[in-house]
Structure formats: C-alpha cells, structure tokens
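Peer 1: There's a structure below that I have some questions on.
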Amino acid sequence: MEKILVLDFGGQYNQLIARRVRDHKVYAEILPYTTDLETIKANNYKGIIFTGGPNSVFDMSSPHYTKDILELGIPILGICYGCQLIAWMADGEVKTAPVSEYGKIELSVTNQTSKLFKDIPEKSVVWMSHTDYISSPPDGYEIVGKTNDCPCAAMQNAEKNIYAVQFHPEVTHSEYGKQVLYNFLYEVCGCSGDWVMDNFIDNTVAKLREQIGSKQVVLGLSGGVDSSVAAGLLSRAVGNQLTCVFVDQGLMRKDEGDFVEKTFTSLFDMNFVRVNCADTFISKLKGVTEPEQKRNIIGEEFYKVFWDEIRKISEDGFFAQGTIYPDRIESGKGKSDGKANTAVIKTHHNMAKMPDDIKFCGTIEPLGDLFKDEVRAVGEKLGIPKELVWRQPFPGPGLGVRIIGEITAEKIKILQEADWVLRDEMAKNGYEKNLAQFFCVLPGVNTVGVMGDHRTYENLIAIRAVTTDDFMTADWARIPYEILAKVSNRITNEVDKVNRVVYDITSKPPGTVEWE
Ligand code: XMP
C-alpha cells in the first residue's frame, strides 16, 4: 500500500493534513519529528509532508530534522513551518517577516508550469498564519508563488522533488488547497490512489493473522463504535481465537446489552462473554450522590469485573482494544507499534492501566491510525449494523451520569423507558441526523401534577439534545416544537412515574453535555 508520511513539527492541523491525503485515496500516517531517519527510510514512503508548527526555525530549541532527509530522493512538501524548515536546512534565509500574514490572503502563482500548481489559476485565496518568512530561498530552489507581503509563498526544487508552501493547503479556506495536495500526491509523488476501505480491511486482516498466529486475543467490547469495529476486524482475521468481554453494568440504554450480544454472537465468529453485574453495581452505588464519587465507583468496579474476567481467559495471548487515532493523540501515545506490554485502556475521561499480574504478549489496536468516520466506513464494510456503526457517543459510566442523586434500579428503569421514547420519536421523524447527541436525564426531582382527577407527585424528565462538531463546545439543538410536544406527551403517558418533561436549553459552555 502506498504511504505518505506526515512528519509532525507541532502544528495544529496535522491530523487534518493526514485526513486530506486520505481523502485523495492515499494512506497517510503521522510520526513525530523525533522519528529517526532509518525508520523513515525503512517505511518506503511515496512522499513526506513536513507540517506547520508554532516555532521559529532559527530558534535552535525548536523542532529540527537532519538535512539528510532532503537527500533521500523521497518527494517532500513543506507546509508553513515545514516550508521554512526546508529553506533553513538547505541554507536559505528565514527571518521574522516585516508583515505577518493571518487569514485569507491572495496568492499569485509565479510559475504556472510548477507541478504543484497544475490546474490552479494564477490568483487564488490561501490561508496564511505566520510571523517568519523565507527572505531568500536556498540555492537550487525557485520561487513559484508570492503574496503582497510574502515574496516566497511557495518554492520548489523540481529536480529533487522538494516543494514548500508558506500557506496551509489543508484548511478549507485555501481555495485550491485540496488541488495543491492532490498535485503533490499524484503529480509529484506519482501515487496511484490505492487507499480504499477494502484494501484497509484486507491488509489489516492479513497483518493481524500474521501477528496473532495461533494465539488468543481478548477484546473489551463496550458496544460503542470503535470497539465494535475492532471486534469485527479481529473476528474476520482470527475467528474464535477472539474472545470479546462485554461488561454489562446495567447502565446501558434500554435493551442495548441484548442488542450488542445478539449482534456479535449472530454475525461474527468469536467467543462472546457477557458479564451481567447490574446488581453489584447498584449495591456499590447505594446511598452515593456525589457525581465524581459515582463516576469513580462505576469506573473502578467496571475494571475490577473486567480484569477478573480477563484473568480467566488468557495468559499468553494478545490484548486488543478499539483505540482510534484521535485517542492516541489525546493520550500522547503517538504511534502504536503493537508491542507495548502494558495496555492503557481508553475511556473518555480516564485511563486505566492493566494490572501487572495480567501478562499478555502484546496489545493490538487495529484502528489506531483511523479517524472516526473512517472507522465507521470500515464498520459498514464489515456488515456491522447501522445502529452500532452510527451510534452516538455514550459515556463510559452510562446512564449513571444521567441519573442525578442516588442510582437505584427503579430510576434506571424510568430513565431507560423515557430515553427509549425519545429515541423512537427522533427515529420516526428522521431527526436523528440533525443531532450530535440526544438523551433523557432523570434530575431526581419530583414535581406536582394532575392526571385525571388525581394529584400526582412524580418524576421530572429532562431532554438534552446538542449539535456540535467536536463536543468541546456544543449548542442546544433547536428540535421542532411539534416533535418535542410528541415526545413530552408520549413520555408522560407511556412511562410510569413521570408527570413532567422539560427541555434543556443550555449550551456548552457553560453547561456540559452530560448533567454529571
Ligand atoms: P461533557 O459532558 O464533558 O461530554 O460535555 C462531552 C462528550 O463526552 C461524553 N462523555 C463521556 N464519554 N466517558 C465517556 O466515554 C465519560 O466518562 C464521559 N463523560 C462524558 C459525553 O457523552 C459527550 O459526548
């Protein structure tokens, strides 16, 4: 498979660069600038992209790389800091720019025969964000683009296939950014575009088979997208050498545990172990009302049950998990080599270390280089049901963070029923696709109501629905009143012990998505 290396110098758009390359059907992986030259040589990259970064190349404490990389004969594209770095490595001159450029700037292509600018007009808008600039390009490098304030906005050494742009082709504000990347991949690197999901699945399955051999693999399955897709891939690779452990703490949505079990036992060849431990969880949570304490108990108990189960299964096998690329970046783990002996288990807000007495010969993260939507595409190809592949995020502590105050079996049941009505109504109205996440909350408040001629004093249900791209910030969703009216009506009629429904109209910040 053709591969492009995105060499990371600390820029904020690095994942986006890799993403854009893959959008052009070429596989890209990101490695830190500390990766040695031998590793790079050994990987047979079709091309290398130097990313941007916040530093100045003439500050010796900033990320640098040996100039030998320019002599490997591998095509290189430098972006922003990466562009300046190439100039600096090849003995050009980089200085603080007299005028910094931020935002949309007009680029003039000064050599339209440059492969990098094929099918790009002479004038176009690019996205700039820099305080240094190349004041004098190195010998052998020709300026191929400029702006009013940046005399060397693009340069090339066509003979060596080295190209550099001061602007950011990876962001959508650069009008022809996609084309610049396309040109680099296809005109300069000579890629053929073999990155398609079928290839990814075939290659990964082959690699997994080779790595796992006749050993056993244990995977913790949460019912979320990532672990489900990892399970699907591993099952395709090694069938019933795979054991999936599914800890059901009774805090999932209505019927979800059964759905996960049915899906994996009927669709895939694997051993499936479901540990039903709702009663243990509820007894551990008895009388606990403080949100963090609840979270900690749920987390600790989960891992206790999980590790106990794992201990029963395997000694000399592999431990697998559904880590995806953004998780690795968040946890600072960088590139996974599949050889780590101690696994750090991803959950959203906490990381759990595998106890030392559990001995596996390695950790496998088959989705470690993929972004979420790519994981979904793999899941669909593997035939995993849409409900799982397109499942909205669900917190590790489950409904536990949506029941305010003490958690009891009765409250879980009320919340599951109300939440099911909300989901059903959204599905019937085809409104799900407009929302990033939606669910019910049981605020633990009783209010007075009237049903028939009787006074009631029953539970309040809150509806939470948000739109967001990244969950760091979120807006409350403007669900049409007619749908809300129907949901409210159905919840108060169909769910026992609920007499009032409210809609949460708080954005994040100041509110979080979850209530606890
Ligand atoms: P907050 O409440 O922090 O939620 O605004 C942002 C996103 O994270 C999810 N979330 C969690 N996911 N374990 C998880 O796996 C957790 O402990 C957890 N807490 C919140 C939340 O559902 C939303 O998608």
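For our numbering, add 4 to where a residue sits in the sequence shown, where the first one is 1.
Quick reminder that beta carbons are idealized off the backbone N, C-alpha and C, glycines included.
#1: Please check the pair Val251 and Cys281, which I expect to be a contact at CB under 8 Å, by giving their CB distance rounded to whole angstroms.
#2: Pull up the distance between the alpha-carbon of Lys308 and that of Pro401, whole angstroms please.
#3: Alpha carbons only, please: which of Val130, Ala469, Ile34 is nearest the one belonging to Arg427?
#4: Could you name the residues of the same chain whose beta carbon sits closer than 7 Å to that of Glu436, not counting the 5 residues immediately before and after it, in chain order?
#5: DSSP three-state label for Lys99, please.
#6: Ends of the alpha helix (DSSP H) at Trp92?
#7: Roughly how many angstroms separate the alpha carbons of Gln220 and Gln325, rounded to a whole number?
#8: Cα separation between Ser140 and Trp92?
#9: Would you decide whether Pro330 is buried or exposed? Buried here means 16 or more other CB atoms lie within 10 Å of its CB.
#10: Using alpha carbons as the reference points, say which of Ile205, Ile147, Ser511 lies closest to Tyr137.
#11: For my contact list, Ile166 and Ile80 are in at a C-beta cut-off of 8 Å; report their separation, rounded to the angstrom.
#12: Please report the Cβ distance between Ile254 and Ile416, rounded to the nearest whole angstrom; I am assuming they are in contact, meaning their Cβ atoms lie under 8 Å.
#13: What distance in whole Å lies between the Cβ atoms of Arg380 and Val229, which are believed to be in contact at a cut-off of 8 Å?
#14: Taking the continuous beta strand (DSSP E) assigned at Asp206, which residues delimit it?
#15: With H, G and I counted as helix, E and B as strand and the rest as coil, what does DSSP make of Phe364?
#16: By DSSP, does Lys7 sit in helix, in strand, or in coil?
#17: Measure the CB-CB distance between Ile90 and Gly77 and report whether it falls below 8 Å.
#18: Quick check: Val445 and Arg494, are their CB atoms within less than 8 Å of each other?
#19: Just the C-alpha distance for Ser196 and Asn187, rounded to the nearest angstrom, thanks.
#20: Taking only the alpha-carbon atoms, compute the straight-line gap between Val425 and Lys512 and give it to the nearest angstrom.
#21: How about Trp131 and Ser178: are their beta carbons less than 8 Å apart?
#22: Using 10 angstroms around the beta-carbon of Phe13, count the other beta-carbons present and answer buried if the total reaches 16, otherwise exposed.
#23: Taking contact to mean 3 or more Cβ pairs, one atom from each stretch, closer than 8 Å, check whether the region 54-62 and the region 16-34 are in contact.
#24: Using 8 Å as the threshold, is the C-beta distance between His68 and Ala101 below it?
#25: Exposed or buried, which one is Asn161 when buried takes at least 16 other CB atoms within 10 Å?
Peer 2: In short:
#1: 7 Å
#2: 14 Å
#3: Ala469
#4: Met430
#5: strand
#6: 85-93
#7: 14 Å
#8: 10 Å
#9: exposed
#10: Ile147
#11: 5 Å
#12: The displayed chain sequence assigns Gly, not Ile, to residue 254. Going by Cβ atoms, the distance from Gly254 to Ile416 rounds to 6 Å, so yes, they are a contact pair.
#13: 6 Å
#14: Careful: Asp206 lies outside any beta strand (DSSP E), inside the alpha helix (DSSP H) at 201-216.
#15: coil
#16: strand
#17: no
#18: no
#19: 12 Å
#20: 25 Å
#21: yes
#22: buried
#23: yes
#24: no
#25: buried
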